[in-house]
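Undergrad: Residue numbers (our numbering): 194 to 342. C-beta: ideal position from N, C-alpha, C; glycine also.
Rendered as structure tokens:
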């Protein structure tokens, strides 16, 4: 609290007031969030249609990936198309690692901090964060996963 332009500590007074006016609110317990161990299947999606690779970027909000679309409109953290290009190419590279045994988390952690290193040196990419790649994979409509226990 400010008193004559000088700060004054009123913590003890605030505590006394809060003691007088106790809340009857029920204390909620935090629930444990269990992350499912999903193992993506490589054969569930492909960037190819009739033997031709079809990956087309429509701005920063939508990507055609083979027969499927990835809707990135909810990912407001993307700031340039180079990030979307990198995400698309990383998904194609990671697809080779989808064996049905490795979880999505394990696959993404294997490239965390190394995304730019695994992409071709073309100068058209901006490095996305690993969770943005995961977000795009989760938005890929054709992606099928097996549950690992």
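Please list the terminal residues of the continuous alpha helix (DSSP H) segment that includes residue 285.
TA: Within the chain shown, the letter at position 92 stands for residue 285. From DSSP, the alpha helix (DSSP H) with residue 285 extends over 274-288.
Undergrad: How about residue 262 and residue 248: are their beta carbons less than 8 Å apart?
TA: Taking the first residue of the chain shown as 1, we reach residue 262 at position 69. Taking the first residue of the chain shown as 1, we reach residue 248 at position 55. The answer is no: Cβ separation not under 8 Å.
Undergrad: Leaving out five residues before and five after residue 234 in sequence, what residues of the same chain have Cβ atoms less than 7 Å from its Cβ?
TA: One-based indexing of the chain shown puts residue 234 at position 41. Around residue 234: 291, 293, 337, 338, 339.
Undergrad: Is residue 342 helix, strand or coil when you go by DSSP?
TA: For this step, residue 342 is matched to residue 149 along the chain shown. Of the three classes helix, strand and coil, the one that applies to residue 342 here is coil, per DSSP.
Undergrad: Mapping DSSP to helix, strand and coil, what is residue 250?
TA: Start at 1 with the first residue of the chain shown, and residue 250 comes out as number 57. Three-state result, residue 250: strand.
Undergrad: In this structure, does DSSP put residue 257 in helix, strand or coil?
TA: By one-based count along the chain shown, residue 257 stands at place 64. In this structure, residue 257 counts as strand in the three-state DSSP scheme.
Undergrad: Give me the Cα-Cα distance between residue 279 and residue 228, rounded to the nearest whole angstrom.
TA: In the chain shown, the residue the question calls residue 279 occupies position 86. In the chain shown, the residue the question calls residue 228 occupies position 35. Residue 279 and residue 228 have their C-alpha atoms some 26 Å from each other.
Undergrad: Taking the alpha-carbon positions, what's the residue 302 to residue 209 distance?
TA: For the purposes of this step, residue 302 is taken as residue 109 along the chain shown, with counting starting at 1. For the purposes of this step, residue 209 is taken as residue 16 along the chain shown, with counting starting at 1. Going by the C-alpha atoms only, they are around 49 Å apart.
Undergrad: Who are residue 231's beta bridge partners in DSSP?
TA: The residue given as residue 231 occupies position 38 in the chain shown. Beta-bridge pairing links residue 231 to 340.
Undergrad: Looking at the unbroken alpha helix (DSSP H) that takes in residue 206, where does it start and where does it end?
TA: Here residue 206 refers to the residue found at position 13 of the chain shown. Following the DSSP letters along the chain, one finds residue 206 inside the alpha helix (DSSP H) bounded by residues 204-213.
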